[in-house]
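Positions 6 to 352 (my numbering) are the ones given, in order, by the sequence shown.
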Amino acid sequence: LDSARYGIAWGVIGAAMEAAKVATNSPYFLYCNPDEEIIHLERCSNILEDSHIKKLNLTVGPMALSGSTRMQATTVQMLAAGSAIIMESNGFEENLLKLIDELICVDYKVIHDFILKESNLYQNGGYVTYVSDESLGISILTDTTERSPTFSLLPFETTTGYEHSLCYLTIDGAVNSVESWKKLLKRAPRPLEWGSLEGMVDLNSIYSYDISSKSLERRSSLANHEVFKIKLSESKIQFELGDLNGDAPINQSSVLSYQLTLKLLLNTMSTLIMGRMDRYESNIMTWVKPSNYKLIDRASRYVLELLKRDGINKSYNEVSKAVIELSGETDSNIPIVLRVCNSLKQD
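Here it is as structure tokens:
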């Protein structure tokens, strides 16, 4: 668990190290942790000291919402990797600084009323289906699906089961699941059909998340359901939710610019929506879902912090054990962090 607290993706490290064995050119490893904080971890020291791998440290400091790397960390990585892919070497620095200036100037006022309306819908038992053209679908899918583990929301429903999620996605113009995923990715999905993962992330599993027009048809019968349309025009991203309309100006000449602009707006919007629904306290993710070792560790550290504020001292091992034991309880209306806090206060 010790290594998990740094939010490091071991699979990414493994991929970079494997690439170094077979690639003609040295692969790059992008990460957002200060070297001095991770160098003592064996797997991290192995990659940082590997001369066959080029490292690019993109440390941005603590996340606005503690541990929520879907925000600053992934944004700066997307900026770095995307710029390297699409920008010409001639004038690279000038174009990169221009893009950064565009992102700094994003007008967040456009999402204010949408935050209020969407959060009010959820608080009143409602649902939202985002409808997007294929050019913006990937950014919307990323934000909406990441809300589940961060705030303990129901995941996207499938055609074979699950309760309806608060929000979902429809790719406008796609008539079935196969077409919707091809439109979204600009190619057919490439599933992981490895032995131990068989049946979990194969093509049938992917297509069971039907984000075609059928998802909108399926969800339209839900009580208090609204359609949130987001589309790209020549110089702006257009938002429409019920009777609300708003535009975010963009630089249409750069696909990276408008994808990053939308990511910033959606990340901010979804985080503040969840804040209005009391899904975090201060900047602590009290509703984080401890579904793996990293998130068990994160929940444990949040419990320790909240207990410390109340003058209660517990050991890390005692808290993490309680997190694991109480995570099996079925009451989803009480977040695990607060559930463990209340349990340990009674001891």
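For glycine and all other residues, C-beta sits at the position ideal for the given N, C-alpha and C.
Note that the structure is a prediction, hence the values are computed from the model and not measured.
Using 8 Å for Cβ pairs, my map puts T147 next to Y214. What's the rounded Cβ distance? With 8 Å as the limit, T147 and Y214 do not qualify as a contact, their Cβ atoms being about 13 Å apart.
Own chain residues within Cβ distance below 7 Å of H57, not counting five before or after: A25, S31
Helix, strand or coil at S201 [DSSP, three-state]: helix
Relative to the C-alpha of G16, which residue among A28, L35, V27 is closest? L35
Could you tell me the distance, in whole angstroms, from the CA atom of N347 to the CA atom of K60? 43 Å
N- and C-terminal bounds of the beta strand (DSSP E) containing Y263: Unbroken run through Y263 is the alpha helix (DSSP H), 260-281; no beta strand (DSSP E).
Spatially closest choice to D40 from I90, A21, G66, A28, by CA coordinates: G66
Determine the extent of the alpha helix (DSSP H) in which Y298 is found, giving its start and end residues. 298-314
Which whole-angstrom value describes the C-beta separation of L267 and L141, a residue pair presumed to lie in contact below a C-beta threshold of 8 Å? 6 Å
Beta strand (DSSP E) containing P254: first to last residue? 249-254
Do W292 and P340 count as a contact pair if the criterion is CB distance below 7 Å? yes
In angstroms with no decimal places, state the Cα-to-Cα distance between Y127 and V206. 30 Å
Tell me I235's beta-bridge partners as DSSP assigns them. S137, F244
Under the DSSP definition of a beta bridge, which residues are partnered with I289? E286
What are the partner residues of Y113, as DSSP defines its beta bridges? DSSP lists no partner for Y113.
Ends of the alpha helix (DSSP H) at F156? 142-156
Use the C-beta contact count for I105: other C-beta atoms within 10 angstroms, 16 or more gives buried, fewer gives exposed. exposed
For S240, count neighbouring C-beta atoms within 10 Å of its own C-beta (all shown protein chains included) and say buried if the count is 16 or more, exposed if not. exposed
Which residues bound the beta strand (DSSP E) around Y36? 33-36
Which first and last residues belong to the beta strand (DSSP E) in which Y173 is found? 172-176
Please state the DSSP three-state secondary structure of L61. strand
Note down the Cα distance separating C110 from L270, rounded to an integer number of angstroms. 12 Å
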